[in-house]
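For reference, the structure is listed below as structure tokens.
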Amino acid sequence: MEAVVVGVVIVAVLLALVGALSVRLVQQYQRGVVFRFGRVLTPVREPGLRLIVPVADRMVRVSMQTTVIGVPPQGAITRDNVTLTVDAVVYYRVVDPVKALVNVHDYPSAVLQVAQTALRSVIGKADLDTVLGDRDRVNAELKAVIDAPTEGPWGLLIERVEVKDVALPEGMKRSMSRQAEAERERRARVIAADGEYQASRRLADASRAMANTPGAYQLRLLQTVVDVAAEKNSTLVMPFPVELLRFFDKFTRDAEPPAAQRPEPAAPVPGDGHRRPQA
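In the working numbering, the protein residues as written are 827 to 1105.
Below is the structure:
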């Protein structure tokens, strides 16, 4: 009787051990790839409790979450021969767990190496202005270059690639600062010249409108006096019409006699006033 009890206990322990070795838990964000004597079994195990054959089967869980890796700063030379230091970040996820395990060894490290090479290659084909001003284009090219060797053969999908920072040499920073300052000064001069041009056009229109109405000059003069008198000034400046000055100048020239009618001064008598009286 005791032997029977011991046998039952041993069988129960063996069944529990086999059950523990046979049951595998696959999380919702994972997929299980089962290898039976080294060969991949299909289909891929979905999330939940899954059974495998002990000793014969081996399950490898593959995360299907989006993984983020940072690309270390890479030194690159742009197409216009400017040395840059660029770093980036890559977002990818596994779409085929079998390929990710079978076709590539340590796929996170492989993606990082491909991203470093692609970053230097894309920066080398672009100008400095493109790298600094058109980040969307550079990011799209990086995504295409990294996605080409990884999606089909490796079962990975590159979701997004972004350039984080671009480090420029100090000399290039100073040159760009001077260029930006000169550009702002040019725009300021253009805007000021355009404003002067528009003001001159408006003044010309106003002068033509005031020429058609003689009283407009007097009203404008009074308005100027009011504006000046509104300030706390002890001196009042009155504008004087230039036409009035021209009138007085013309009147003065008309009042002067011609040069031919002017009396000539009398010639002095020689010796007059210098001779002594004789006794």
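Even glycine gets a Cβ: it sits at the ideal position worked out from N, Cα and C.
Query	Result
Is any heavy atom in the ligand FMN found nearer than 7 Å to the beta carbon of Arg1000?	Because no ligand of any kind appears in the structure shown, any question about the ligand FMN cannot be addressed here.
Can you round the beta-carbon distance between Val964 and Val948 to whole angstroms, since I take them to be within the 8 Å contact cut?	6 Å
Please report how far the alpha carbon of Gln1044 lies from the alpha carbon of Glu1009, in whole angstroms.	45 Å
Shortest alpha-carbon distance to Val992 belongs to which of Pro898, Ala842, Val834, Gln854?	Pro898
Rounded to whole angstroms, what's the CA-CA distance from Met885 to Pro995? Just pull it up for me.	51 Å
Cα separation between Thr1050 and Arg1012?	35 Å
Less than 8 Å between the beta carbons of Ala926 and Gly858, yes or no?	no
Answer yes or no: do Pro934 and Val870 have a C-beta to C-beta separation smaller than 8 Å?	no
Pull up the CB-CB distance for Lys990 and Ala914, whole angstroms please, since I reckon it's below 8 Å.	6 Å
Which whole-angstrom value describes the C-beta separation of Pro880 and Leu847, a residue pair presumed to lie in contact below a C-beta threshold of 8 Å?	4 Å
Grouping DSSP H, G and I as helix and E and B as strand, with all else coil, what is Val859?	strand
At what residue ranges does the region 981-1038 contain a whole run of the alpha helix (DSSP H), taking only runs of 4 or more?	996-1037
How close, in whole Å, do the beta carbons of Ile878 and Val852 come, if the pair is a contact with beta carbons under 8 Å?	Rounded, the Cβ-Cβ distance is 11 Å, inconsistent with contact.
Compare the beta carbon distance of Gln856 and Val888 with 8 Å and say whether it is the shorter of the two.	yes
Contact check, Arg850 vs Gln891 under 8 Å by CB: the rounded distance?	That belief does not hold up - the Cβ atoms of Arg850 and Gln891 are roughly 19 Å apart, past 8 Å.
Which one of Leu958, Gly997, Lys951 has the shortest CA to CA distance from Arg905?	Lys951
Since Val881 is in the beta strand (DSSP E), which residue starts that stretch and which ends it?	From DSSP, Val881 is part of no beta strand (DSSP E); its letter is neither H nor E.
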